[in-house]
Amino acid sequence: MARIPPGFIEELLTRIDIVEVIDKRVPLKKHGHEFAACCPFHNEKTPSFYVSPAKQFYHCFGCGVHGTAIGFLMDYEHMEFPDAVRELASIAGVEVPEEQGGAQEKASSNAPLYDVLDKAARFYREQLKTATAAIDYLKQRGLTGEIAGQFGIGYVPAGWDNLLKQFDGKDGTNRQLLTAGMLIRKDDGRYHDRFRERIMFPIRDNRGRIIAFGGRVLGKDEPKYLNSPETPLFHKGRELYGLYEARQTLRNISRLMVVEGYMDVVALHQHGVAYAVATLGTATTADHLQRLFRVAPEVVFCFDGDRAGRSAAWRALENALPEAREGRQIMFLFLPDGEDPDTLVRKEGKEAFEARLKQATPLSRFLTESLVAQTDLGSAEGRARLVELARPHLNRVPAGVFHDMLKDEIARLAQVDSGKLTMLNQAAPSRAATQAGRHDSRPLLTSPVRKAIALLLHRPQLAALAGVPESLGSVTLKGAEVLKELVEFAQSHPHINGAGLLEHWRDTDTGATLMKLAQAELVTPPEAMESEFTAVMADLTGRRPAERRRDELIAESRRRALDPAEKAELSRLLVVQNGPDSTARDTKTD
654 MARIPPGFIE
664 ELLTRIDIVE
674 VIDKRVPLKK
684 HGHEFAACCP
694 FHNEKTPSFY
704 VSPAKQFYHC
714 FGCGVHGTAI
724 GFLMDYEHME
734 FPDAVRELAS
744 IAGVEVPEEQ
754 GGAQEKASSN
764 APLYDVLDKA
774 ARFYREQLKT
784 ATAAIDYLKQ
794 RGLTGEIAGQ
804 FGIGYVPAGW
814 DNLLKQFDGK
824 DGTNRQLLTA
834 GMLIRKDDGR
844 YHDRFRERIM
854 FPIRDNRGRI
864 IAFGGRVLGK
874 DEPKYLNSPE
884 TPLFHKGREL
894 YGLYEARQTL
904 RNISRLMVVE
914 GYMDVVALHQ
924 HGVAYAVATL
934 GTATTADHLQ
944 RLFRVAPEVV
954 FCFDGDRAGR
964 SAAWRALENA
974 LPEAREGRQI
984 MFLFLPDGED
994 PDTLVRKEGK
1004 EAFEARLKQA
1014 TPLSRFLTES
1024 LVAQTDLGSA
1034 EGRARLVELA
1044 RPHLNRVPAG
1054 VFHDMLKDEI
1064 ARLAQVDSGK
1074 LTMLNQAAPS
1084 RAATQAGRHD
1094 SRPLLTSPVR
1104 KAIALLLHRP
1114 QLAALAGVPE
1124 SLGSVTLKGA
1134 EVLKELVEFA
1144 QSHPHINGAG
1154 LLEHWRDTDT
1164 GATLMKLAQA
1174 ELVTPPEAME
1184 SEFTAVMADL
1194 TGRRPAERRR
1204 DELIAESRRR
1214 ALDPAEKAEL
1224 SRLLVVQNGP
1234 DSTARDTKTD
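Position 546 of the sequence shown, counting from 1, maps to 1199 under my numbering, and the rest follow consecutively.
Given below as structure tokens:
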């Protein structure tokens, strides 16, 4: 896909009103200078989802989601970034330009791979029409022609060159097939088909393009299931079989269920459980989980109830812990011995199968029950062992409400105070991490740097009043470098708005800082913003370093207890600047 010029995105966001974009999908009500609604990303009765027309930014104080109009379409409509930009461009009535080189050249070089895979899929589908053994097998598994057509299921006969014969035989085409994972090159330089005598399942990307295949053997060949190798198009640690089909079938997806095989996915979809997906011969990865949660707030892992199934579930749990946080549900469903989703849904139907989901085990319970099973809670030694076993898992859970609740539950089982559990936990979340994980309050504008950034996100044109950005080079306060970047960029883009600033730094450390400060409540009225910004900048660039450091420590002391070294530093600064009796009357540092 060609690269969309950043300048176009910034210009586009000046033409778009985020309130209009969101209101068409989630009805908004005026609430002071902002608009509010019940959050579309989690269940709530009292509105905590706010949209700011001034900043062109949305934020939910319940679950923490936030972003620009582009981010909203990505989260709500499950769009990828380029598709969200194109959707906004269609609203604005403008064409999306594409830059030459870079991503476009890469997309162009990959285009022949998509073409040969699409042709291979058509060949496999045609072969299935006359393959009696393959048709009988699919009927035996309960699949209909309709569901086979929906998933593009095909068949490749026995033989070493069935696919090769469908192409022109030129070396360039053979190299494309080889790169796409469809051929194997022998030592003598000749090629043969990778897949032989197999039911073929096309694997699609988020745009519906075929990027790989999975093949289920009908004869005696091994392995039973064979996937395409890693290619420029296919990375098995990122892709999920059936996700494209689920998004095509369901308008709003509140739950995704991860199963283990192609047939499980297809059978579940046929019986109306259209939110089933499968990993592709690998354990669930962080990339998988991020894709899953971009689509739905609840993920259910479905495994056999035997030892192998529980081992696979434990691996999934370990990989899921970094993605576990409030607003997300991670569940584990264990099936009766000898059953898999395919056989079970055919035996008992959709209603009974989905009833089992109500009995699924939450991640927190699966974790604690598994750890408790390895200990003796009747002894102090056993309870201490529980804490030791839980520590590395607890440390992998992001700071926030869910982390704290899980910690409290482990403390209850171990019969220790949760505060002591934190003391025992050498890797307890830092204060900064805790602040980052707190979704129910706005960031505080406790320093002039933060205030200046917040003002610029409201009104980037204020940057014209900042003077030469280099004057900020001597400012040592935290965030000064971000402020300098922001001033420089806003001065060179005089028509940009707050959303454009946020999108310019998307997926960067600076962007993360700006996203956080965009959530801050700014009480300065619009008519006073210029004078406020001018005063803040003068304060930043005109004070001596010692004064800036003094005020920074005072502001910090109002948010938390200073450590001994910080207290001593603040005392020295106050004595030097205000005299020996000033420390007590200026601030309390305890």
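The beta-carbon is built from N, C-alpha and C at its ideal position, and this holds for glycine as well.
Worksheet entry | Burial state of glutamate 1022, where buried means 16 or more other Cβ atoms lie within 10 Å | exposed
Worksheet item: Hey, how far is the Cα of leucine 1136 from the Cα of alanine 1105?
Response: 7 angstroms
Discussion item. Pop quiz: glutamine 901 and glutamate 951 are said to be a contact at Cβ under 8 angstroms. What is the actual Cβ separation, rounded to whole angstroms?
Written reply: Contact flag wrong, Cβ pair sits at about 20 angstroms.
Worksheet item: How far does the alpha helix (DSSP H) with valine 1135 in it reach, from first residue to last?
Response: 1133-1145
Practice prompt. Pick helix, strand or coil for isoleucine 863, following the three-state DSSP scheme.
Written response: strand
Worksheet item: Where does lysine 698 fall in DSSP's three states?
Response: coil
Worksheet item: Can you tell which of Thr832, Arg1203 and Ala1214 has the C-alpha that lies nearest to the C-alpha of leucine 1227?
Response: Arg1203
Fill in: For glycine 715, the three-state DSSP class (helix, strand or coil)
coil
Practice prompt. Give the straight-line distance between the Cα atoms of valine 870 and lysine 877, rounded to the nearest whole angstrom.
Written response: 5 angstroms
Item to complete: State the Cα-Cα distance for the pair leucine 766 and proline 882, rounded to the nearest angstrom.
Response: 14 angstroms
Discussion item. Along the chain, where does the alpha helix (DSSP H) containing alanine 939 start, and where does it finish?
Written reply: 939-948
Worksheet item: Exposed or buried, what is asparagine 880 when buried is set at 16 or more other beta-carbons lying within 10 Å of its beta-carbon?
Response: buried
Discussion item. Check for me: the alpha helix (DSSP H) holding arginine 1018 runs from which residue to which?
Written reply: 1016-1025
Worksheet item: What's the C-alpha gap between proline 659 and histidine 695?
Response: 32 angstroms
Worksheet item: Are three or more beta carbon pairs between the segment 893-909 and the segment 859-874 nearer than 8 angstroms?
Response: yes
Fill in: lysine 1131 classed as buried or exposed, judged by whether at least 16 other C-beta atoms fall within 10 angstroms
exposed
Worksheet item: Is the beta carbon of valine 1128 sitting closer than 8 angstroms to the one on threonine 1177?
Response: no
Practice prompt. Select from Cys716, Tyr777, Pro750 and Leu830 the residue whose C-alpha is nearest the C-alpha of alanine 764.
Written response: Leu830
Worksheet entry | Whole alpha helix (DSSP H) elements within the segment 969-1016, 4-residue minimum | 994-1010
Worksheet item: How many whole angstroms separate the CB atoms of phenylalanine 854 and tyrosine 915, which I take to be in contact at a CB cut-off of 8 angstroms?
Response: 5 angstroms
Item to complete: Determine the direct distance from the alpha carbon of alanine 1165 to that of arginine 1159, and round the result to whole angstroms.
Response: 8 angstroms
Discussion item. Between which two residues does the beta strand (DSSP E) holding leucine 909 run?
Written reply: 908-912
Worksheet item: Should histidine 924 go down as buried or exposed, given a rule of 16 or more other Cβ atoms within 10 Å for buried?
Response: buried
Practice prompt. Specify the secondary structure class of lysine 683 as computed by DSSP and reduced to three states.
Written response: strand
Practice prompt. Kindly confirm or deny that the segment 1033-1046 and the segment 934-954 touch, where touching means at least three C-beta pairs closer than 8 angstroms.
Written response: no
Worksheet item: Contact check, threonine 667 vs asparagine 1150 under 8 angstroms by CB: the rounded distance?
Response: 5 angstroms
Worksheet item: Under a Cβ-count criterion, where at least 16 other Cβ atoms within 10 Å of its own Cβ denotes burial, should proline 989 be classed as buried or exposed?
Response: exposed
Worksheet entry | Cβ pair valine 926, lysine 1000 closer than 8 angstroms | no
Discussion item. I'd like the list of long-range same chain contacts for glycine 958, defined as Cβ closer than 7 angstroms, with 5 residues on each side in sequence excluded.
Written reply: Phe987, Leu988, Pro989 and Asp990
Worksheet item: Quick one: any contact between the segment 832-846 and the segment 925-941, if contact means 3 or more CB pairs under 8 angstroms?
Response: no
Fill in: Length of the line joining the Cα atoms of valine 919 and histidine 1146
51 angstroms
Discussion item. Cutting at 8 angstroms between CB atoms, please list the residues of its own chain near phenylalanine 887, excluding the five before and the five after it.
Written reply: Gly834, Ile856, Ile864, Ala865 and Ser881
Item to complete: May I ask you to list the residues that DSSP assigns as paired with valine 1176?
Response: Valine 1176 pairs with nothing; no bridge assigned.
Worksheet item: With a CB to CB cut of under 8 angstroms and the five nearest residues on each side skipped, what residues in its chain are close to isoleucine 906?
Response: His731, Ala899, Arg900, Tyr928, Val948 and Ala949
Worksheet item: Counting along the chain, where does the beta strand (DSSP E) carrying valine 918 start and finish?
Response: Unbroken run through valine 918 is the alpha helix (DSSP H), 915-923; no beta strand (DSSP E).
Discussion item. My parser needs the alpha helix (DSSP H) runs of 4 or more residues fully inside the segment 814-887; what are they?
Written reply: 824-832
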